[in-house]
Structure formats: structure tokens, C-alpha cells
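Remarks on the structure that follows.
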Amino acid sequence: KGGAPLVTKTVECPFGEGDIAARLGEIQKSHPKTSIGSYPRFSSEGFRTQLVVRARAEADAEAAAADIRAMLEAMTAG
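The sequence shown begins at 14 in this note's numbering and counts up one residue at a time.
Put into C-alpha cells, the structure is as follows:
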């Protein structure tokens, strides 16, 4: 009845939503079969944003998550 179950990928992000919003929007546009949510939170490690990718297909979710990880690596490096 509901179709294929959703695949979920979670990426931990050390940046606030304001720092990643534009780039994350570009990634979302590049992966129209996914839904990307950002969830700010505080922990004992400090402020973090949890990025959650949801899709019907594993490949779609993983491709978007990989682009998010690449974005974060680039931001951390420079």
C-alpha cells in the first residue's frame, strides 16, 4: 500500500544551519528523489547539526549523503 520503505542516511555536521543552507539547497536540487532535513542539536560535544537524507532507493540516498559528506570535507579543509 505505501510502496517501498524509505531509506535513511544520517550525516553529522559540525556547522550550523545558516552556514550550510545554500550549499545544502544545491545538493537537494541535484537529488530531486531525496528529502534532506537538518536538525540542530546540542550535546556534550557542543552544537551540531544532524543532516538526514531520505529516499525510496538506496542509491539515491547514498548519492546525496556522499555529496553532503564531500561538502563538509571541503568546508572543514578550507
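The beta carbon of each residue, even a glycine, is placed where N, CA and C say it ideally should be.
query	result
Residue from Phe-28, Pro-27, Gly-50 whose Cα sits closest to the Cα of Gly-38	Gly-50
Sub-9 Å separation of Ala-70 and Lys-42 beta-carbons	no
Through-space distance from Gly-16 to Asp-73, alpha-carbon basis	16 Å
DSSP state of Ala-17 mapped onto helix, strand, coil	coil
Cβ-Cβ distance between Phe-60 and Arg-67 below 9 Å	no
Rounded Cβ spacing between Glu-75 and Lys-22 (contact assumed at less than 8 Å)	6 Å
Given His-44 as reference, the closest of Met-88, Gly-91, Ala-79, Ala-87 once Cα atoms are compared	Ala-79
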